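Worksheet: the structure to be examined is printed underneath.
What follows is the structure, given as structure tokens:
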């Protein structure tokens with residue numbers, strides 16, 4: 001009985017909508033809208049002929065509408081509720097594939113509405129008012145005229161205004177002739193190119209001096225570092241289906257020929273992946289064979305970067321940029337060539353390797 005009442009209430013709310021928001025349909029193109037920030041919003045007012053851009057910083061939740069929080073370039077945050085984007089009580093996989101932290105959200109004619117609890121949030125009932133730019137998706141930019149190459153680059157940066165985000169460049173995972181699976185270039189990659197940009201799946205947050213790097217050759221790792229990372233991953237996977245999907249893809253000591261589809265990963269689409277819970281024993285093996293670290297550094301576990309095999313003379317190098325790690329080309333890499341790194345050297349050694357190749361960090 002209670003469930004039926006809830007379903008009826010959801011149907012009523014879904015059909016009723018908000019009168020002001022329902023009428024708020026913006027058909028003006030983005031380039032003709034004035035960009036505003038959260039501080040410019042006026043309570044109970046539709047900001048006509050404007051657009052508010054922000055980055056999604058929370059996972060979405062759904063009862064009737066879809067609610068999440070965005071942060072603008074002034075570092076102000078506000079809750080957003082969008083309706084009619086997905087059916088009520090859509091599968092969580094579908095919701096997470098549509099909206100996830102890191103997406104750049106554009107809201108045409110933003111409407112700041114007072115909620116029943118007295119708080120304010122942005123409400124939108126017309127899906128065409130919402131622009132979603134997911135990480136790794138191409139963005140169309142109109143041609144610009146400038147006096148120099150640097151001027152063009154600055155113009156593009158001003159238009160896009162997207163901070164560093166996860167990125168999987170011209171890469172594909174394939175089976176190698178001798179090393180199991182590996183990371184390959186599917187087209188030519190120029191020296192100095194950022195090939196892959198990733199956050200770690202997990203990292204040891206202990207004092208850096210307490211752990212050392214995993215040495216694949218010697219198959220050894222600092223016990224405390226390994227234990228802490230193992231425990232964190234065992235706990236985090238409980239409520240994180242995507243983390244489980246990624247962990248289930250990684251090498252755990254058993255030779256595998258299945259290769260994750262990077263095209264699906266770019267779209268955050270893990271519907272065809274194994275999302276079953278990973279045993280503590282398997283996580284131990286995954287960390288032992290795949291984690292990266294070094295003296296005075298954190299111990300990290302990556303997803304796509306983990307598929308890059310070791311080579312004494314690698315063509316790529318791993319460097320850190322804030323919370324991200326970047327797989328960077330040390331030399332020109334040809335299409336269908338395997339991308340390799342040096343597992344043994346620490347991050348500092350990799351920085352020095354970059355300098356030796358004449359590559360500097362921006």
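Numbering (the UniProt record's numbering), first residue to last: 1 to 362.
From the three backbone atoms N, C-alpha and C, an ideal C-beta is built for every residue, glycine too.
Remember, predicted model here, so these are calculated numbers, not experimental data.
Query raised in the report: Can you tell me whether DSSP reads residue 367 as helix, strand or coil?
Result: One cannot answer for residue 367 here, as it falls past the ends of the chain, which runs 1 to 362.
Requested in this report: Can you tell me which of the three DSSP states residue 57 falls into?
Outcome: coil
Query - Proximity below 8 Å, CB of residue 39 to CB of residue 113 - result: no
Requested in this report: Could you pull out every residue in the same chain whose Cβ sits closer than 7 Å to the Cβ of residue 199, ignoring the five residues on either side in sequence?
Outcome: 166, 323, 324
Query raised in the report: Should the segment 321-340 be called in touch with the segment 167-183, which here means at least 3 C-beta pairs below 8 Å?
Result: Result yes; three or more Cβ-Cβ pairs closer than 8 Å.
Report task. Look at the alpha carbon of residue 275 and the alpha carbon of residue 130, and state the distance between them as a whole number of angstroms. Result -> Each residue's Cα considered, the two are about 30 Å apart.
Query raised in the report: Going by the beta-carbon positions, is the gap between residue 242 and residue 328 smaller than 8 Å?
Result: no
Query raised in the report: So, is residue 90 buried or exposed, given that buried needs 16 or more other C-beta atoms within 10 angstroms?
Result: exposed
Report task. For my contact list, residue 124 and residue 291 are in at a C-beta cut-off of 8 Å; report their separation, rounded to the angstrom. Result -> That belief does not hold up - the Cβ atoms of residue 124 and residue 291 are roughly 42 Å apart, past 8 Å.
Query raised in the report: At which residues does the alpha helix (DSSP H) containing residue 244 begin and terminate?
Result: Run containing residue 244: 241-249, per the alpha helix (DSSP H) assignment.
Requested in this report: Would you kindly report the start and end of the unbroken alpha helix (DSSP H) that includes residue 30?
Outcome: Per DSSP, residue 30 belongs to no alpha helix (DSSP H) and is neither H nor E.
Report task. Specify the secondary structure class of residue 83 as computed by DSSP and reduced to three states. Result -> coil
Query raised in the report: To which residues of the same chain is residue 342 closer than 6 Å at the C-beta, ignoring the five residues directly before and after it?
Result: 314
**Report entry** Given 8 Å, three or more beta-carbon pairs between the segment 24-43 and the segment 104-119
**Finding:** yes
Query raised in the report: Does the beta-carbon distance from residue 260 to residue 189 come in below 8 Å?
Result: Here residue 260 is not near residue 189, since their CB atoms are 8 Å or more apart.
Query raised in the report: In this structure, does DSSP put residue 269 in helix, strand or coil?
Result: Residue 269: coil per DSSP, three-state reduction.
Report task. Can you say whether residue 218 is buried or exposed, counting buried as having 16 or more other CB atoms within 10 angstroms of its CB? Result -> Bear in mind that a pLDDT of 34 at residue 218, under 50, signals an unreliable position, so the number given afterwards is only what the model happens to contain. Counting Cβ neighbours within 10 Å, residue 218 comes out exposed, since fewer than 16 surround it.
Query raised in the report: Who does residue 68 pair with in a DSSP beta bridge?
Result: 80
Query raised in the report: Expressed to the nearest angstrom, what Euclidean distance is found between the alpha-carbon atoms of residue 53 and residue 253?
Result: Roughly 45 Å between the two C-alpha positions.
**Report entry** residue 56 to residue 49 span [Cα, whole Å]
**Finding:** 22 Å
**Report entry** Boundaries of the alpha helix (DSSP H) in which residue 194 is found, first to last residue
**Finding:** No alpha helix (DSSP H) contains residue 194, which is instead part of the beta strand (DSSP E) from 194-199.
Query - Inter-residue spacing [alpha-carbon to alpha-carbon] between residue 303 and residue 192 - result: 21 Å
Query raised in the report: Under three-state DSSP, which class holds residue 307?
Result: helix
Requested in this report: Below 8 Å on the Cβ atoms is my guess for residue 278 versus residue 247; work out the distance and round it to an integer in Å.
Outcome: 5 Å
**Report entry** residue 289, DSSP secondary structure in three states
**Finding:** helix
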